[in-house]
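So in this note's numbering, spot 214 of the sequence shown is number 225, and the numbers just go up one at a time.
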Amino acid sequence: MRIFEEINTDWFYMNLNMFKKGLIDKTNLLNDEYVYEVRDNGIIVLRFDDTSDFFKLFDLNTYDVDTASQFFGSYYYDPEFFDSYTAYEDWREGYIIGQFDNENIDKLNEILKYIAPHLDATDDGDRSQIAKLLDKMFNRDTESIVSDYSSEMNTAMVQSVREDIRDEFCDIFFKDQIIKLDCFYKYITTVNTLINLYEKLNCKSDSLYEMLQKLGHEKAVSNDFSSSIYETDYWNYFDRESFQRTVKSILENILEKLTDSDEFVDIEEYKNVLSKISKKFPFNKWFIVPKSKTNYPMVKILGIDPQTNYINIEYKPNENEPTKGSVSLEEFNNLLYHPELF
């Protein structure tokens, strides 16, 4: 009867003691929303229907609780940590090409023999130029590569963070004899263990959840997931085989366009024009014509039309608005070296 003198009859701690002494049955313990099962031998199964309830046991900020919960909740999904903008930056800088395996590098170099024989995909210094050239000539194909890379990167980052969270939190109560059955969802312990924890934490008047929160606050846990997400070793989770298969298929498609389709009316002439202008002049960048003593005329090369092998340009003879047009290689040279003719 000392228990009744010390504590309120609504306290969970009291019910644990009364169950242990055989004064009440398990129904009284099952009234708690976090108690899923009570066995006659004193084993108790705890359940967190809402994963966020589990993570709220620890000293985590609201953002970290929400982040962890969306990874492991009932309707969890893969958040977007690696966005398409970052992927396109990686592409334009040539970084994604650097992830191609040897077979795909060889295929890319085969493509370059047709469209830019002066560039080499094995050369780090050429990869940015190659990426921008492919983007201009085969935009839909490069978009597919970038999209797949972005998706694989995001999946890798999500898997890495998810594994880090599991490693830190899944068995965090193991030394307290609260054993994981299903991460963040079901845990098994005993009546005696819970009674001992109540007494150790000196919180006999607390609910079961409040007692577990006190236990959780004693744990030295990591937080600030928003920063650690980008520091994880996600490359271990990047599906290289899937990515290389995608790249291989797309590069083969580009090769087919170059050799077996009607997209290029004369591929050899296209290569000739491209080779002659790309060795001396940049694409998509204004430059002053050679031998000019002023800031004009200016020219910007937009690309080469594969159906005509004419060079698409913007031309700015003075400070007025530029004009667009298409010129043959001969006309292009006259424009550069004899602008007075235009």
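For glycine and all other residues, C-beta sits at the position ideal for the given N, C-alpha and C.
> When burial is assigned at 16 or more other CB atoms within 10 Å of the CB, is Thr-97 buried or exposed?
Replying inline: Thr-97 is exposed by the Cβ-count criterion.
Notebook entry, point to check: Is the number of C-beta pairs between the segment 268-284 and the segment 316-327 that are closer than 8 Å three or more?
Noted result: Touching, yes.
In this structure, how does DSSP classify Phe-298 when only helix, strand and coil are distinguished? Three-state result, Phe-298: strand.
Practice task
Select from Val-172, Phe-82, Ser-303 the residue whose C-alpha is nearest the C-alpha of Asn-247.
Solution key: Looking from the CA of Asn-247, the closest CA among Val-172, Phe-82, Ser-303 belongs to Val-172.
(Q) Among Ala-142, Phe-65, Phe-69, Asp-70, whose alpha-carbon lies nearest the alpha-carbon of Gln-81? (A) Of the candidates Ala-142, Phe-65, Phe-69, Asp-70, Phe-65 places its Cα closest to the Cα of Gln-81.
With Val-338 and Ile-322 assumed to form a contact (beta carbons below 8 Å), what rounded beta-carbon distance in angstroms separates them?
-> A Cβ-Cβ distance of about 6 Å is found for the pair Val-338 and Ile-322, placing them in contact under the 8 Å criterion.
Item checked: Contained alpha helix (DSSP H) runs [length at least 4] in the segment 95-150, N- to C-terminal order -> Fully enclosed alpha helix (DSSP H) runs of 4 or longer: 95-103, 113-126, 138-148.
Could you tell me which whole alpha helix (DSSP H) segments of length 4 or greater appear in the segment 163-212? Runs of the alpha helix (DSSP H) inside the segment 163-212: 202-212.
Practice task
With a cut-off of 8 Å on the beta carbons, I'd call Leu-208 and Leu-226 a contact; round off their distance for me.
Solution key: Going by Cβ atoms, the distance from Leu-208 to Leu-226 rounds to 6 Å, so yes, they are a contact pair.
> Exposed or buried, which one is Asp-60 when buried takes at least 16 other CB atoms within 10 Å?
Replying inline: When all chains shown are included, Asp-60 counts as exposed.
Query raised in the report: Are there three or more Cβ pairs, one per stretch, closer than 8 Å when the segment 145-163 is compared with the segment 204-224?
Result: With a cut-off of 8 Å, the segment 204-224 and the segment 145-163 do not count as touching, because too few Cβ pairs lie within range.
- 8 Å contact criterion, which Ile-265 and Phe-294 should meet: CB distance rounded: Between Phe-294 and Ile-265 the Cβ distance is about 18 Å, and since that is not below 8 Å, they are no contact.
Where does the unbroken beta strand (DSSP E) through Asn-323 begin, and where does it stop? Looking at the DSSP string, the run of the beta strand (DSSP E) that includes Asn-323 is 322-327.
| task | With a threshold of 16 other CB atoms inside 10 Å of the CB of Leu-347, please say whether the residue is buried or exposed. | result | The C-beta of Leu-347 has 16 or more other C-beta atoms within 10 Å across all chains shown, which makes the residue buried.
Query raised in the report: In the DSSP assignment, what residue or residues form a beta bridge with Val-310?
Result: The secondary-structure analysis by DSSP pairs Val-310 across a beta bridge with Phe-298, Tyr-326.
Practice item. Can you tell me which of Leu-123, Asp-135, Lys-124, Glu-91 puts its alpha carbon nearest to the alpha carbon of Ile-108? Key: That would be Asp-135, whose Cα lies nearest to the Cα of Ile-108.
> Relative to the C-alpha of Met-309, which residue among Leu-340, Asp-117, Ser-289, Asn-331 is closest?
Replying inline: Distance check between Met-309 and each of Leu-340, Asp-117, Ser-289, Asn-331 places Asn-331 closest, using alpha-carbon atoms only.
message: Distance check for Tyr-106 and Ser-91, CA to CA, integer angstroms please.
response: A quick correction: the sequence has Glu, not Ser, at residue 91. CA-to-CA, the gap between Glu-91 and Tyr-106 works out to about 20 Å.
Problem - Span of the alpha helix (DSSP H), counted from its first residue to its last, around Val-258 - result: From DSSP, the alpha helix (DSSP H) with Val-258 extends over 251-271.
Alpha-carbon to alpha-carbon, Glu-48 and Ile-54
Taken atom to atom, the span from the alpha-carbon of Ile-54 to that of Glu-48 is near 8 Å.
**Message:** Quick check on this structure: which residue in Phe-343, Leu-262, Leu-285, Ser-218 has the alpha carbon closest to the alpha carbon of Asn-26?
**Reply:** Comparing alpha-carbon positions, the option among Phe-343, Leu-262, Leu-285, Ser-218 lying closest to Asn-26 turns out to be Ser-218.
For this session: Quick one: grab the DSSP three-state call for Ile-156.
Result: Note: Ile-156 maps to helix in three-state DSSP.
Helix, strand or coil at Ser-339 [DSSP, three-state]
Note: Ser-339 maps to coil in three-state DSSP.
What residue does the alpha helix (DSSP H) around Glu-221 start on, and which one ends it? Element bounds for Glu-221: 219-228.
inquiry  = Taking 6 Å as the limit between beta carbons, can you name the residues of its chain near Met-168, skipping five residues before and five after?
reply    = Phe-92, Phe-93, Tyr-245, listed in sequence order.
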